Structure formats: C-alpha cells, structure tokens
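For the sequence shown, this note's numbering gives the first residue as -9, with consecutive numbering after it. Beta carbons: idealized from backbone N, C-alpha and C, even for Gly. Since this is a predicted model, take the numbers as computed values, not measurements.
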Amino acid sequence: GEEPYTLQMLMMEYFGSEYSKWDAGILATDISERVLSIARAGIYPQERVAQLPEALQKKYFRKLPDGNCQVSEAVRKEIVYRRFNLMNDKFPFKKPFHMIFCRNVMIYFDQQTREELVRKFNQFTVNGGYLFIGHSETLGRNHALYRYVMPAVFQKGA
C-alpha cells in the first residue's frame, strides 16, 4: 500500500490547488484481499513515516493513539483498491493507463508468462505511457512493445 500513497502524495504536491481539476486517479490491485485491507487502512509504524520530510508527515499523516501513523483521508479517498489476478485471461479495464507499476511481481513467473503479461499491459497503456517494473526485473533494451528508458522504466511507442 505504500507505493499508491506515495504516488498520490506526489501528484497532490505537484499539482497543488490545481489537482482537483485533473482527471487523475490511482487503481491499486493485489490478488490478496488481506493485503488490500491492510493497504486501505493506510496505517504505518512511526519509524516508517519518520523517513519522510517533516512537512509531508504533517500534511499527509495523523498520529494514532497507539503511536502508529495513518495516511490522511484526503489521500486515501483518491485511491481505488481492487482484488485482481494478473493471470486472468482478460484484463477488465475500460480505459488505458498512463502509467502501470508492476514492481517485483514478474520475478515469480516464467519467461512465457512474463511476455504474455507485458502484452496485456501494452494493450492497456496509452501511447507514450510508461511501464515501471522492479529493479531485479527486465524486459531487455530492445523490447518490441516498450522502449527502454532507464533501468526498470519502459515507454510505449507513440
């Protein structure tokens, strides 16, 4: 759950008061309902939150009586959490994404499954959109569907 919250905070910081004028959103998925439930709650140990700049801590977190910190409602309400299995034959999405983050997941699949997954991602990435993968994963520098940008970052051709 940390990555979706971080991305949401970055968007809110970048766009500031203009954020509400943008049609921006984050869909966070996992196969585990338990993981999704934990992510939705947005509760983290103080030690984790302390790694953030103090201004962001004050702006986007509230301290709980037990000493943990919770991501603010303003951030949590912007993220949609859904149970989703990447191995489904078809993806159920209605619109393509500008960015897809699939980090540290493909390392668990064989090469054929990874290639099929990347093809599915490509179908749901806008032209010029990005696919972010884990640093221990690779598509190679000469991938047919995505252009290598930098380690773990690939862009769909325009």
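Cα-Cα separation, proline -6 to glutamate 106:
24 Å
How big is the Cα-Cα spacing for aspartate 13 and phenylalanine 83?
16 Å
Express the C-alpha separation of glutamate 44 and threonine 115 in angstroms, rounding to a whole number.
35 Å
Quick one: is alanine 18 buried, meaning 16 or more other Cβ sit within 10 Å of its Cβ, or exposed?
buried
State yes or no: is the C-beta of isoleucine 21 within less than 8 Å of the C-beta of glutamate 68?
no
DSSP state of lysine 48, grouped into three classes?
helix
Check this for me: beta carbons of alanine 74 and isoleucine 90, under 8 Å apart or not?
The residue you asked about is not alanine; residue 74 is phenylalanine in the sequence shown. In this structure, isoleucine 90 does not lie closer than 8 Å to phenylalanine 74 by Cβ.
Reducing DSSP to helix, strand and coil, say where alanine 29 ends up.
helix
First and last residue of the uninterrupted beta strand (DSSP E) at arginine 72:
69 to 73
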